[in-house]
């Protein structure tokens, strides 16, 4: 069975919405900001791709957001953008809509705020609001509540494998007829905790630009953001982006697995030195693209790759890979602005647990 | 939609009631339970709330306790299924695990050091990173199939089994190891106390004087197997996944919808999966946390959709094991189907006039072959799984 991508909602260092993402893809530039770690005993800022959630109030009154944490706000913004992009925002209550959320780290900001609440004032002063928001599926819950989505709701948390794994669930729900639509989304926030861990693990000697297609070099810059897709069965699809042809996940991917080298392969390589070699090996002799330098290194990145691939298929054109001019992968890097010759685009992501996800998209 | 049943050929569990399925079942039918203040951590909260802790269980230093509990149950389930490494290596085996704590990037010691201006080492966070419950099991046994960790709060374990059945039916894998795992810890202990849904006494699901839940910890796993593989190795099913349904209340972050709309939807969907007649349900293993809201909603829905069907909560023996709850209750449900008997609902003594139904108060034999286990969760999730009696009983 094939699934259609009907709408896309994205927010990240490149901006908010498909139009701003497209503009960033055309110019190859993104807004790099910083993450302040001064509350972590580390008086410094590290470069980071930050997401701006100010447009959320276009969809949800500020009053309704007063108890919602930053992670869930990011998710809500992505969700509303995807529904708006698909032209279904005005439909009201979504009774046959399922919600699937992927996040590598979850709501780390509110989780540590909850810990702060009893570290500072004793166990009896723990904040119930923070605790409730720190539960992993709180973002999915807020989306379901605000949209009136009474279909199933699921959240997957598995670091860099979260996106393809969760997308497989969305696929199965549609294939089995459990729902008519799935709002699939991936979310990551850059909290102080994630920033501190990044700093301790990778230091401060950042390259000025990410070069994700260069092996043996650490060039990753952390990012945050959200990418949402509104999915339907092909038969029920109206004007949309493309078809979701296949989602394959598993462990212990071997070279030669990618059986269609003629398809454009979007790599999830994100400048982390430990993964570059694996991507290079698997991409051998393929035509590749890589867009992580637009949004940064984050576990939900593969969902942004899917969004970009869907946009390429809809427009029938390629986008240049930011930072792709510096490449030692044994592969050809697709040039930007060309006619997309392949009928399909596949997005490959690799995780630290030896898991892989291959999401294949086809022209609709 | 009509879905083919999926065979369950092996089961394993570890919880406060026992370190394996046989011991746990024996405790349930003897009415044994021993909730007590936590041993593995302390709290400066003025009240010692009882918990159901797994004692005498050692955890490798490089793993979270959650993953170790899951791994322990997985080993028992695979042995029970008679699946050895050589055969497993020739098959596509998936792992689907529900949890809450197993994915939480939170460590109190780390946070305290960070807040005091020191620069803590990343070891506690790296341990979380190495301990994703599904990944740990897949890595341990060298499985190559799909691998997913579900974090749907207290319905995670039920959802993991329901999704794994879909994997088998769709051919995504030949065998799926599915279940849940969650450990007890200070953070969840303090969190649930802050929500004021924790009982100072041993929990009393469905009782008039119930005041909330007691936390517990557990790991529980099932081996789901394709008909092709099961036929090839002539393995009988211990139980069958007949149906699974899930729906969201879309009502409140932590409270169930008072009318039980989501639970009704999930239950109806689960029954429809295989055309199960509600009259065929022999018993219901309810979520039954012992919180006033949960038990009120559950009994209301059971009275409306499954009137007269006996039900119980096993949380009086295990505590609320959060992400593992749905899995361990599915395992108990399948084991009760084999046995033809359900245990008494521990902690229940005074009927609540506000509730439309009461649970079983003593060990109760039955003659049916189909049973149902349900989970309600934060976020408004409601998940229901319907199991059938297998061939070995």
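Residue numbers (my numbering), protein chains in the order written: chain A, 99 to 462; chain B, 19 to 411.
Note that CB positions come from ideal geometry on N, CA and C, so glycine has one too.
If you're wondering where the values come from, they're calculated on a predicted model, not measured in any experiment.
- Comparing alpha-carbon positions, the option among B:75, B:329 and B:239 lying closest to residue 382 (chain B) turns out to be B:329.
- Residue environment analysis places residue 152 (chain A) among the exposed positions, since fewer than 16 neighbouring C-beta atoms fall within 10 angstroms of its C-beta.
- At a cut-off of 8 Å between beta carbons, residue 103 (chain A) makes no contact with chain B.
- Per the Cβ contact rule, the region 374–387 of chain A is not in contact with the region 36–44 of chain B (fewer than 3 Cβ pairs under 8 Å).
- According to DSSP, residue pairing for residue 191 (chain A) in a beta bridge does not occur.
- Excluding sequence positions up to five before and after residue 232 (chain A), its CB lies within less than 7 Å of the CB of 205, 208, 209 and 212, all in the same chain and listed in chain order.
- For residue 110 (chain A), there is no enclosing alpha helix (DSSP H); the residue is part of the beta strand (DSSP E) that begins and ends at 101–110.
- Among the CB atoms of chain A, one or more fall inside 8 Å of the CB of residue 133 (chain B).
- In this structure, the straight-line span from the alpha carbon of residue 277 (chain A) to that of residue 142 (chain B) is close to 40 Å.
- Non-local beta-carbon contacts of residue 166 (chain A) in its own chain, meaning distances under 8 Å to residues more than five positions away in sequence, involve 174, 231 and 240 in chain order.
- Membership of residue 266 (chain A) in the alpha helix (DSSP H) is indicated by the continuous run 260–273.
- A Cβ of chain A is located within less than 8 Å of the beta carbon of residue 269 (chain B).
- Leaving aside the five residues that flank residue 312 (chain B) on each side, the residues in its chain whose CB is nearer than 7 Å to its CB run, in chain order, 274, 305 and 394.
- The Cβ atoms of residue 260 (chain B) and residue 405 (chain B) sit closer than 8 Å to each other.
- Across the structure, residue 322 (chain B) and residue 392 (chain B) are spaced so that their CA atoms are roughly 15 Å apart.
- Taking a C-beta distance under 8 Å as the contact criterion, residue 152 (chain B) and residue 256 (chain A) qualify as a contact pair.
- The Cβ of residue 442 (chain A) sits no closer than 8 Å to any Cβ of chain B.
- Using a 10 angstroms sphere on the CB of residue 235 (chain B), the tally of other CB atoms reaches 16 or more, which defines it as buried.
- Interface flag for residue 274 (chain B) against chain A is unset, since no Cβ pair is found closer than 8 Å.
- In this structure residue 110 (chain B) touches residue 162 (chain B) by the C-beta definition: roughly 6 Å separates them, less than 8 Å.
- CA-to-CA, the gap between residue 398 (chain A) and residue 277 (chain B) works out to about 36 Å.
- CA-to-CA, the gap between residue 324 (chain B) and residue 380 (chain B) works out to about 20 Å.
- By the beta-carbon neighbour count (other beta carbons within 10 angstroms, threshold 16), residue 232 (chain B) is buried.
- Fully enclosed beta strand (DSSP E) runs of no fewer than 3 residues occupy 165–168 of the region 131–168 of chain B, in order along the chain.
- At a Cβ-Cβ threshold of 8 Å, residue 203 (chain A) and residue 107 (chain A) do not count as neighbours.
- Within its own chain, the residues whose Cβ lies closer than 7 Å to the Cβ of residue 53 (chain B), once the five positions on either side in sequence are excluded, are 68, 69, 70, 220, 232 and 337, listed in chain order.
- Taking the C-beta atoms as reference points, residue 361 (chain A) is found no nearer than 8 Å to residue 310 (chain A).
- For residue 301 (chain B), the enclosing beta strand (DSSP E) starts and ends at 299–303.
- For the set A:272, A:328, A:176 and A:125, the Cα lying nearest the Cα of residue 99 (chain A) is the one of A:272.
- Residues of the region 118–132 of chain B whose Cβ lies closer than 8 Å to any Cβ of chain A, in chain order: 118, 121, 122, 123, 124, 126, 129, 130 and 132.
- Rounded to whole angstroms, the separation of the alpha carbons of residue 292 (chain B) and residue 447 (chain A) is 36 Å.
- Contact of residue 312 (chain B) with chain A is not assigned, every C-beta pair being separated by 8 Å or more.
- Under the three-state reduction of DSSP output, residue 182 (chain A) falls in the helix class.
- Burial check for residue 121 (chain A): the Cβ neighbour count within 10 Å stays below 16, so the residue is exposed.
- The C-alpha of residue 242 (chain A) is placed about 20 Å away from the C-alpha of residue 103 (chain A).
- Sixteen is the threshold: since fewer than 16 other Cβ atoms of the shown chains lie within 10 Å of the Cβ of residue 80 (chain B), the residue is exposed.
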